Amino acid sequence: MQANKRKWIRVMIGIGLTLGVLVLCSSSTALLNLYADYLWFESLDYTALLTRRLSAEIGLGVIGAIAASLFLLLNWSLLPFLGAEKTALHAKVRGQDVAVSTRPLRLLFSAASVFIGVIFGLALKEHWRTYLMAANGVPFDLADPIFGQNVAFYVFELPWYNVLLGWGKTLIAFTLIGALLRYAVFQQLKSQRSTAHLSLTGAAWLLLLSADRWVARYALLQSRDGVVVGASYTDIYARLPLYNISLALFAVAALILIINVFTRRWKLLSLVVAGWLVFSLVSGIYPTLVQRLRVEPNEFAVERPYIEHNIAYTRYAYGIDNIQEWDYPGEGTITEADLAANNDIVQNIRLWDYRPLLRTFGQIQEIRLYYHFEDVDVDRYTLSGEPRAVMLSARELDVDQLADQAQTWINRHLIFTHGYGATLIPVNEVSPEGQPRLLVRDIPPVSTYPELAITQPAIYFGEATHQYVIVNTTEDEFDYPQGNTNVYSRYTGPDGVPLGGVFRRLLLAMRFNSAQMLLSPALTNESRILFHRLLHERAERLMPLLWYDSDPYIVIHEGRLVWLLDAYTWTDHFPYSEVRGGLNYMRNSVKVTIDAYTGETRFYLIDPSDPIAATYARIFPDLFLPAEAMPATLRAHWRYPETLFIYQSELYATYHMEDPQVFYNREDLWAIPTEIVETSQRRMEPYYVLMCLPDSERLEFMMIRPYTPAQRQNMIAWLYAESDGADYGRLGVFKLSKDRLFYGPQQIEARIDQDPIISQQLSLWHQRGSRVLRGNLLVIPLNDTFIYVEPLYLEAESGQLPELRRVIVAYGERVVMAPTLAEALLLTLDEEIAPITPGELPEGDLATLAERAWEHYQAGQICLQAGDWECYGREQRALEVVLEAMLRMQEP
């Protein structure tokens, strides 16, 4: 007897030690991360954000663990024990009756209750976001059309109810299984007390199933079983009644189980089980019968109100319900005078595609192997009083590119700590060698315009800053190369967690798995560690409830480099809204700024009318600043985010149809056109342009994207989103006449391929060992018509330095290719080009004619810079005449 008892004790101790080691190993890493994060939040003065989150997590975890543990202890230990539980179990061993104490088993069940209860607490704490949103939800100005519930109920409250129901059902299921096991082990499964206990537990589980059916009724408004997302006719008139019946059946079954505690009338329970089996059979058949017999014979008439709901709620959820619609006749023409009148637009037509330009930047501006350009972004600046569209990229540091012998801990974390400067070009200027004209270049940065001057070029926070660095050490930091030597500096910004004394340094060394952090003599108590330096990681760590755009962009702001990062509020619980990419509601309600040197991170609430953003502001009241608090010079660089525009433009291709019958029949379905980019065909991306809207003389920075009819290639409309001033976020669409042909992007690509002169030249370049890369085809609305512009780049097959060599322009029925945009535009104008007559040819020797040609070329460039296209055309004509004379002089 004593030997068996000692054996049980040893087993219990072994299990306890094993579980303890596992918990200790998993929790030690979590505690180290938490400690480092607390120091990091404290260094940024954002401790309130962490404590708010931790209080919700710990609160839910503790409440969940205590509630689950007590419930399991009640059902696995207390109630069975009160039932005069046996103190010993008897078994036959080698023909002898042996009594075994039940105390170790009771201890095991009690320990399991606590252990499993803690697991339930840990599971519940993971839903802290859902809880905080349910507790702080701000109402929408919209109710659902079926139950009349405010949309906030679906977005904030219903997810929390589902969490609680799922948690409760799982807990009771564990309880029921454990209780059955306990009564079986203790040979009490047939006792009256066990029957009562199991009946009450089963009743509780059935009541939760009934509540689950009640909640499931509201989930029908996100059903995907009908002709559109949302509750359909079959859902409302077949499934909803069945849900009501099922919740009543579960409730009745629970009541019968409770009655069974006192009367033990199993026939009643058998009747409920039989009724449930019949109901299950009917519930599987009835919706199908309703769909086939009532809906399918006259689907549109029956589903019309639900289609209307889907159209209205989807348009609201994605912010496409207030798109201004305009007609664009497309009957205009373009002359040299029109080009002159719209010179500010023409001078900002983008010729550089970001893909080849990124490789070009890498070849001409990375300067050293360890520098790296992550991305190229489009923005606009006012230079010498004129708005200019530009493309820029930050020069970041990639320590993985250091030489192998330089891959030391000190180099990677103490010396090579930051990138340096940026490169910026105008979108449409090209050197004679086919390279971009650099307005910001080199190291240290050289700026052509004072507005682009960079006085603090160091980049400690960016898109490629993957690892931690330590500043204020005995080592100087590499700043930038200068000839055959290097310039060194020291970080003077406020960011970083002080390493402090031995104990803190030990914990940080364990957190970052770095023995050098503890042992290196280069570190002092005043040294500071900078981590969470990646833009997305930094923003998500501070505010994990937002979804961040994948394309942050850098801005030159008062001599500093500042990152702008768009953030979105979203949900996948919006009723009657189409699901795209795992969500069905989206707003760009927050913009984040991160200083590339100091790491200062600010969240600006730019759309306080968004209920989800307002809910976040309630949860974290110290985080968000009003949009007006952002410096005006940074505000001037807001861009309508591409990710949001992609979602909206793709949905609007279908949801511009507001008439339910047109929508149902897909009579006017639009599509995103395709284009050839570099060497392959792909969907046309949205693009930023500086242009004037029709009937407006104000130059605006906006994003546009054309549409074609589904299964067709002609252009049918173009969507735009404004980015400037009070018009930020305003959407509009210009619809083209269906009575005329407007070439779509792919049709223009086909015309380019079919042009004999262009195709011959492309083939010739290919034969000479060069790759011909085609840039973005831009559709530019201008003067009530369109021009199409596509740059061509040449890249040696063995090189990575693309050169912009030609510009293709299509206008009307003409497609031309020329060395420059200006020349191509002039060649596409409607005026017929008269042949050169002998009387026009000037006289003089070859040197004189060459001098005249240079004079006309220079005069043409002056005219072009002044925006005088008529003057430019005259000078180009005169240059052509002189060149013709020079050619004839060479004839025998």
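Numbered continuously in my numbering, the sequence shown closes out at residue 892.
No residue lacks a Cβ here, since even glycine has one placed at the ideal position from N, Cα and C.
Computed from a predicted structure; not experimentally measured.
DSSP beta-bridge partners of residue i
i: N486; result: P481
i: K591; result: D566, Y604
i: E722; result: M702
i: L534; result: G462
i: V555; result: V562
i: R580; result: L583
i: S447; result: V440
Beta-carbon spacing of residue i, residue j below 8 Å
i: L651; j: I320; result: yes
i: V487; j: D479; result: yes
i: P139; j: A152; result: yes
i: L644; j: Y568; result: yes
i: G332; j: N714; result: no
i: R705; j: P686; result: yes
i: L499; j: R490; result: no
i: G462; j: G419; result: yes
i: Y38; j: A317; result: no
i: G493; j: T633; result: no
i: V555; j: D727; result: no
i: L414; j: A509; result: no
i: L546; j: T593; result: no
i: L221; j: L240; result: no
i: A341; j: D398; result: no
i: V816; j: L829; result: no
i: V390; j: I425; result: yes
i: L207; j: A251; result: yes
i: L402; j: Y371; result: no
i: G559; j: T448; result: no
i: V789; j: L821; result: yes
heavy atom of the ligand FAD below 7 Å from residue i C-beta
i: G559; result: Only the bare structure without any ligand can be found here, which leaves the ligand FAD out of the picture.
Residue range of the unbroken alpha helix (DSSP H) whose run includes residue i
i: D566; result: Note, D566: premise wrong, no alpha helix (DSSP H); beta strand (DSSP E) at 560-571.
i: L821; result: 821-828
i: V228; result: No alpha helix (DSSP H) holds V228; DSSP gives it neither H nor E.
i: V895; result: In the structure as shown, the chain begins at 1 and stops at 892. Residue 895 is therefore absent and cannot be evaluated.
i: Y313; result: 299-317
i: V427; result: Neither: V427 is in no alpha helix (DSSP H) and is coded neither H nor E.
i: R740; result: Counting along the chain, R740 falls outside any alpha helix (DSSP H), and DSSP gives it neither H nor E.
Closer than 8 Å to chain C by CB, residue i
i: Y381; result: The structure shown contains no chain C; it holds only a single protein chain.
Best match in the options for proximity to residue i [C-alpha to C-alpha]
i: K738; options: L171, F361, A717, D225; result: A717
i: R388; options: H197, V346, L78; result: V346
i: L719; options: V261, P781, A254, Q681; result: P781
i: Y243; options: V215, A254, Y233, V229; result: V215
i: R52; options: P287, P445, R618; result: R618
i: D442; options: Q363, S199, D144, A337; result: Q363
i: E42; options: A341, R412, A406, G496; result: G496
i: D235; options: A796, F416, V290, W570; result: V290
i: Y354; options: T423, E396, A340; result: T423
i: M133; options: P641, E797, T571; result: T571
i: L158; options: Y655, P575, Y743, S649; result: P575
i: D755; options: R814, M703, P745; result: R814
i: Q747; options: R712, N472, W765; result: R712
i: G226; options: V282, Q192, Y306; result: Y306
i: P444; options: Q401, E366, V272, S431; result: E366
i: A30; options: L257, P297, L507; result: L507
i: R224; options: N310, F115, A824, V471; result: N310
i: A143; options: E296, A312, W276; result: A312
Residue range of the beta strand (DSSP E) that includes residue i
i: R771; result: 770-774
i: H372; result: 371-373
i: G732; result: 731-736
i: V815; result: 814-818
i: Y131; result: That residue, Y131, is in no beta strand (DSSP E); its alpha helix (DSSP H) goes 128-136.
i: F624; result: 624-626
i: I470; result: 469-471
Counting only runs that start and end within the stretch 652-694, where is the beta strand (DSSP E) found for 3 or more residues in a row?
-> 674-677, 680-683, 687-691
What runs of the beta strand (DSSP E), each 3 residues or longer, lie entirely inside the stretch 381-408?
-> 386-397
Can you list the beta strand (DSSP E) stretches of 3 or more residues lying completely in the stretch 747-811, in chain order?
-> 770-774, 778-782, 785-796, 803-811
With a floor of 3 residues, list each beta strand (DSSP E) that falls wholly inside the stretch 323-360, ordered by position along the chain.
-> 324-328
Pick out the complete alpha helix (DSSP H) segments inside the stretch 22-60, 4 residues or longer, and give them in chain order.
-> none
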